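Enquirer: Once you've had a glance at the structure underneath, I'll fire off some questions.
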Amino acid sequence: MTLRLSSAGESHGPALVAIVTGLPAGLELDRDSVDTDLARRQAGYGRSPRQQIEQDRVDVLAGLRHGRTLGTPLALVVWNRDHKNWTWGMAPWPPEGHPSGKGTKAVTLPRPGHADLAGVQKFGHDDVRNALERASARHTAVHVAAGAVAKALLATIGITVAGSTVDEAGLRERIDEARKERDTVGGVVEVRATGVPPGLGSYATKEDRLDARLAAALMGIQAVKGVEIGEGFALASLRGSEAHDEIATDRRRTSNRAGGIEAGVSNGEEIVVRAAMKPLPTLMKPLGSVDLVTGEAAAALVERSDVAAVEALAVVAEAAVAWELAVAAKEKFGGDAVADFVEAHRAYAARIQWH
Ligand code: EPS
């Protein structure tokens, strides 16, 4: 069975939910590890006051018994604590009583850089909130929970995945300056995966290519505008003799400019991918926009937001890469029971003498 993930949830709605299907039975999950990743996602310099309201924790509604997967759909929930301030504004059913709390007034001032304008045009909404609530990066929380499940599966075959920011040194200063000037900043994150055997993904079709799948997964995260695999864009200006990773007699490589993937297939070296995040589009000193009701020029919507979420992106990107690697590993090794998955990996590693 293919490993699949679907999610739902608005930023200020009742909850974020994810359903994971295709997990083998008998996988041990640790609630604290999932919650630790959720807490990592909430942390980071420059985050919004929203993160003081939320204390993200995972609840499991199905697919798990006594900490082990049942091989049935796994239903994960992260509740939005802030929803209590939006019970009227974000009520799923027509609300009763007088409008109160947040979200009672239609938003008509789209923010450049966000989903606001295209969202109302595409879906015919008359309140920008109907677009921005789902476009918000808030729902990455439940994807991080699913990523933690993927990491547990990958750990059974010795794969680890870790994300970090790339320009750690100057980041805080850049954030402090931007905050003073009521502006926002972006940045670059890197994810490394170790223990990935050769042969995940395939050169056969573009859908199979592991690099294409990782790029799509990273591009699928809010605010990501660029993705690199290995040396990426820098390879374009090198000669072939400088760009490729020579093969030693033990079949390992003497360098890793390809970032662990050649021709869409993992080659046994560390997988290294990077994602570039644009500055977040909600500015306290707003950019020019249009009032969708009056048609007049107006400043864009100003609401609570992060100055930067680069450190959070490192955690979200880690989860996205873990998820894609778990899908590719499940595709290669199969298994209804986790023991079958582990045994198939062992037999394959023995056949190709990979350790
Ligand atoms: C986010 C929660 C949001 C924002 C951020 C991501 O909270 P709120 O909108 O209630 O302040 O902090 O969303 C965006 C950057 C965005 O553009 O929508 C979170 O939990 O990650």
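Numbering (numbering that gives the first Met the number 0), first residue to last: 0 to 354.
Where a beta carbon is used, it is the ideal one built from N, C-alpha and C, also for glycine.
Since we're looking at a predicted model, the values are computed, not measured.
#1: With respect to 8 angstroms, is the separation between the Cβ of Ser-47 and the closest non-hydrogen atom of the ligand EPS below this value?
#2: Quick one: give me the first and last residue of the alpha helix (DSSP H) that Leu-131 is part of.
#3: Take Gly-8 as the anchor and find which of Pro-111, Ile-52 and His-138 has the nearest alpha-carbon.
#4: Give every residue of the same chain whose Cβ lies closer than 8 angstroms to the Cβ of Ala-145, excluding the five residues on either side of it in the sequence, and list them in chain order.
#5: Given this structure, state the Cα-to-Cα distance separating Lys-101 from Gly-88, to the nearest angstrom.
#6: Quick check for students: name the residue ranges of the beta strand (DSSP E) that lie wholly in the stretch 216-279, counting only runs of 3 or more.
#7: Between Arg-303 and the ligand EPS, is there a pair consisting of the residue's CB and a ligand heavy atom that are separated by less than 8 angstroms?
#8: Am I right that Gly-186 and Ile-228 are in contact with their C-beta atoms under 8 angstroms? What's the rounded C-beta distance?
#9: Please list the terminal residues of the continuous alpha helix (DSSP H) segment that includes Leu-153.
#10: Where does Ala-296 fall in DSSP's three states?
#11: Since Gly-118 and Ala-130 are thought to touch, with beta carbons under 8 angstroms apart, how far apart are those beta carbons, to the nearest angstrom?
#12: Under the three-state reduction of DSSP, which class applies to Arg-67: helix, strand or coil?
#13: Apart from the five residues just before and just after Ala-343, which ones in its own chain have a Cβ nearer than 7 angstroms to its Cβ?
#14: Report the residue ranges of all beta strand (DSSP E) runs contained in full by the stretch 38-124; include only those spanning at least 3 residues, in chain order.
#15: Comparing the CB of Asp-210 with every heavy atom of the ligand EPS, is any distance shorter than 8 angstroms?
#16: Can you name the start and end residues of the beta strand (DSSP E) that Val-16 belongs to?
#17: Within 10 angstroms of its Cβ, does Ile-351 collect 16 or more other Cβ (buried), or is it exposed?
#18: Looking at C-alpha atoms only, which residue of Pro-13, Ser-163, Ile-220 and Arg-250 is the closest neighbour of Pro-91?
#19: What residues are listed by DSSP as bridge partners for Thr-159?
#20: Can you find a heavy atom of the ligand HEM that lies under 8 angstroms from the Cβ of Pro-98?
#21: Quick one: any contact between the stretch 303-320 and the stretch 157-174, if contact means 3 or more CB pairs under 8 angstroms?
#22: Given 8 angstroms as the limit, tell me if Arg-181 has its C-beta closer than that to any heavy atom belonging to the ligand EPS.
#23: Within the same chain, show all residues whose beta-carbon is closer than 8 angstroms to that of Ala-298, passing over the 5 residues directly before and after it, in chain order.
#24: Looking at the C-beta of Lys-104, does it have a partner C-beta in chain C at a distance below 9 angstroms?
#25: Verify the contact flag: Pro-280, CB atom, against every heavy atom of the ligand EPS, threshold strictly below 8 angstroms.
#26: If we call anything under 9 angstroms between Cβ atoms a contact, is Gly-45 one with Ala-338?
#27: Is Ala-345 near the ligand EPS, judged by its Cβ being under 8 angstroms from some heavy atom?
Expert: Taking the definition as stated:
#1: yes
#2: 128-134
#3: His-138
#4: Leu-4, Ser-6, Ala-17, Val-19, Leu-75, Ala-318 and Trp-322
#5: 6 angstroms
#6: 223-228 and 270-276
#7: yes
#8: With a Cβ gap of about 19 angstroms, Gly-186 and Ile-228 do not count as contacting.
#9: 139-154
#10: strand
#11: 2 angstroms
#12: strand
#13: Phe-332, Gly-333 and Gly-334
#14: 57-61 and 73-78
#15: no
#16: 14-20
#17: exposed
#18: Pro-13
#19: Thr-193
#20: The ligand HEM is not part of this structure, which contains only the ligand EPS.
#21: yes
#22: no
#23: Leu-108, Pro-285, Leu-286, Gly-287 and Ser-288
#24: Protein chain content of the structure displayed is limited to a single chain, and chain C is not contained in it.
#25: yes
#26: no
#27: Here residue 345 is Arg; the residue named in the question, Ala, does not match the sequence. No, since every heavy atom of the ligand EPS falls outside the 8 angstroms radius drawn around the Cβ of Arg-345.
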